[in-house]
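In the working numbering, the protein residues as written are 1 to 395. Positions of the beta carbon are idealized from the N, C-alpha and C atoms, including for glycine. The structure displayed is predicted, hence computed values, not measured ones. Accompanying notes for the structure given below.
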Amino acid sequence: MSFVVAAPEVAAAAASDLASIGTTIGQANAAASAPTTGLLAAGADEVSAAVAALFGAHGQAYQALSGQASQFHQQFVQLMNAGAGAYASAESTNANPLQTIADDLLGGINAPSQALVGRPLIGDGANAAAGSGANGGDAGILVGNGGNGGSGAPNQNGGNGGSAGLLFGTGGKGGDGGAGGSPGNGGVGGQGGQLIGFGGTGGAGGSNVAGPGGAGGAGGSAAGFLYGVGGTGGAGGFGGGSSGGTGGVGGTGGALLQLIGTGGTGGAGGGGSVGGGGGNGGNTPDIFTLLLFPELGNGHLLGMGGDGGAGGIGAITGGLGGSGGEGGILFGVGGHGGAGGFGATDGGDGGLGGIGGVISGIGGDGGAGGGGINPGTGGVGGIGAFLFGINGKHG
């Protein structure tokens, strides 16, 4: 059996290009018609007249031939357009029944739960409207991505992202905070799926031309039993006459007895007279570690802590870098500390590297100090593990 692969949009574009080429050639032929078909004799003798007549006849023959070529060209363009339309129509005809079948199946699956609890089993949550500050809609009970939170109106917080489905899904993004004299904070990212999931990104803090900027929203947690990645924290807002907003904390990577997880990256601090601090990287906690190693407070079977966010740039003082998140129980890698922000006078200090693990692991490197007349101090590297590990480098 042979197969044909066609791209209707490409065929239509080629037909349009050919039509443009044909128009250009036709204009050139029209411009050359008079000079080539009506040659004047170079002299009054018979030889000059015969030569002029000969070249004129050649010009007329060329014009006749070019007319036939133009007609063929137009027919070819029409055929290409018709072919592109036929392929597009066939694709639409084939797709519609499949889409109808899928919609009918989902409708049958979702109808009972929609009637009982007002939420489908499968489907994405609705995005909140921009400028509303409303929370994004939750996804279907089993599978789906959470809806994005709406951005805030002036001086209003952004909405939180909706939660993902229990089995699989990504949490919705938090809405950005509204700008103003009292800027809003970014919304929190939605929670990821319980089995395998990804936390939503936190919203950015609102900007303020005269005062401090709004804080970035925290990244959403990902309570994946098998695997979860925490969401990235939102960036802090710009603070024109004061400090920049603090970056949001990275989301927890797997909060419920999960096997493998990664904490989210902390959000960057906002710029200002004093740069905002970067958000701390997300950890990967679970109940066993909390009970056995309360001094660590975070970790799971295999995991990586999220990197700390960079400190914001400051017209006077740079922001502090966020600390790296902590890793896992059996083996883990601590997140790197965020770099300190540049400051015209004093650079911000780098963030601390995260602890690697309990049994074995690699500590995260400390963040570099920010530049300035007085540079910031680099962060201390994280401890590799309590039993066997490699400590992180100092920034």
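Residue i to residue j span [Cα, whole Å]
i: residue 281; j: residue 80; result: 56 Å
i: residue 291; j: residue 358; result: Since pLDDT at residue 291 reaches only 45, below the 50 mark, its modelled position is unreliable, and no value is offered.
i: residue 201; j: residue 393; result: 29 Å
i: residue 240; j: residue 346; result: 18 Å
i: residue 109; j: residue 82; result: 41 Å
i: residue 127; j: residue 248; result: 21 Å
i: residue 130; j: residue 150; result: 5 Å
i: residue 168; j: residue 336; result: 28 Å
i: residue 166; j: residue 264; result: 20 Å
i: residue 298; j: residue 246; result: Residue confidence is low: residue 298 scores 38 on pLDDT, short of 50, so the model does not pin down where it sits. No coordinate-derived value is stated.
i: residue 322; j: residue 386; result: 23 Å
i: residue 9; j: residue 75; result: 19 Å
i: residue 328; j: residue 389; result: 12 Å
i: residue 132; j: residue 208; result: 19 Å
i: residue 21; j: residue 77; result: 11 Å
i: residue 398; j: residue 120; result: Since the first residue shown for the chain is 1 and the last is 395, residue 398 is missing from the structure and cannot be characterised.
i: residue 289; j: residue 88; result: Low confidence applies to residue 289: its pLDDT is 48, below 50, so where it sits in the model is not reliable enough to give any reading.
i: residue 116; j: residue 148; result: 25 Å
i: residue 376; j: residue 114; result: 56 Å
i: residue 293; j: residue 229; result: Caution applies to residue 293, whose pLDDT of 47 falls short of 50 and renders its modelled position unreliable; the value that the coordinates give is listed next. Each residue's alpha carbon lies about 22 Å from the other.
i: residue 164; j: residue 72; result: 58 Å
i: residue 57; j: residue 85; result: 42 Å
i: residue 65; j: residue 49; result: 24 Å
i: residue 68; j: residue 16; result: 20 Å
i: residue 391; j: residue 216; result: 30 Å
Option in the options with minimal Cα separation from residue i
i: residue 181; options: 201, 155, 203, 190; result: 155
i: residue 192; options: 64, 127, 143; result: 143
i: residue 172; options: 317, 185, 203; result: 203
i: residue 313; options: 335, 283, 277; result: 277
i: residue 343; options: 270, 74, 82, 64; result: 270
i: residue 308; options: 320, 53, 221, 74; result: 320
i: residue 162; options: 16, 189, 152, 151; result: 189
i: residue 122; options: 376, 248, 170, 140; result: 140
i: residue 368; options: 341, 389, 23; result: 341
i: residue 137; options: 170, 324, 50; result: 170
i: residue 70; options: 60, 88, 57, 23; result: 23
i: residue 397; options: 114, 135, 330; result: Shown here, the chain extends from 1 to 395; a query on residue 397 therefore has no answer.
i: residue 60; options: 337, 116, 30, 380; result: 30
i: residue 380; options: 386, 395, 214; result: 395
i: residue 316; options: 63, 242, 46; result: 242
i: residue 339; options: 328, 363, 279, 391; result: 279
i: residue 27; options: 63, 13, 120, 46; result: 63
i: residue 214; options: 85, 44, 235; result: 235
Classification of residue i by the beta-carbon crowding that lies within 10 angstroms, buried from 16 upward
i: residue 160; result: buried
i: residue 198; result: buried
i: residue 374; result: exposed
i: residue 195; result: buried
i: residue 326; result: buried
i: residue 112; result: exposed
i: residue 118; result: exposed
i: residue 295; result: For residue 295, the predicted model reports a pLDDT of 38, less than 50, meaning its position is unreliable; a value from the coordinates is still stated below. Exposed, because fewer than 16 other Cβ atoms sit within 10 Å of the Cβ of residue 295.
i: residue 1; result: Note on residue 1: pLDDT 42, under 50, position unreliable in the model; the coordinate value appears next. The residue in question, residue 1, is exposed, as its Cβ has fewer than 16 Cβ neighbours within 10 Å.
i: residue 134; result: buried
i: residue 13; result: exposed
i: residue 44; result: exposed
i: residue 287; result: In this prediction, residue 287 scores a pLDDT of 41, lower than 50, which makes its location untrustworthy; the coordinate-derived value is nonetheless stated afterwards. Counting Cβ neighbours within 10 Å, residue 287 comes out exposed, since fewer than 16 surround it.
Whole-Å CB distance - residue i paired with residue j, under 8 Å assumed
i: residue 237; j: residue 231; result: That pair is no contact at about 18 Å.
i: residue 178; j: residue 186; result: In fact, because the Cβ distance is near 10 Å, the residues do not count as touching under 8 Å.
i: residue 174; j: residue 158; result: 6 Å
i: residue 382; j: residue 352; result: 7 Å
i: residue 275; j: residue 348; result: 6 Å
Distance CB(residue i)-CB(residue j) smaller than 9 Å
i: residue 219; j: residue 205; result: no
i: residue 371; j: residue 311; result: no
i: residue 262; j: residue 253; result: yes
i: residue 350; j: residue 334; result: no
i: residue 378; j: residue 361; result: no
i: residue 221; j: residue 251; result: yes
i: residue 306; j: residue 332; result: no
i: residue 125; j: residue 152; result: no
i: residue 283; j: residue 354; result: yes
Chain D contact for residue i (CB, 9 Å cutoff)
i: residue 226; result: Looking at the structure shown, chain D is missing, and only one protein chain is on hand.
Closer than 8 Å: residue i CB and nearest the ligand FAD heavy atom
i: residue 9; result: With respect to the ligand FAD, the structure offers nothing, as it holds no ligand at all.
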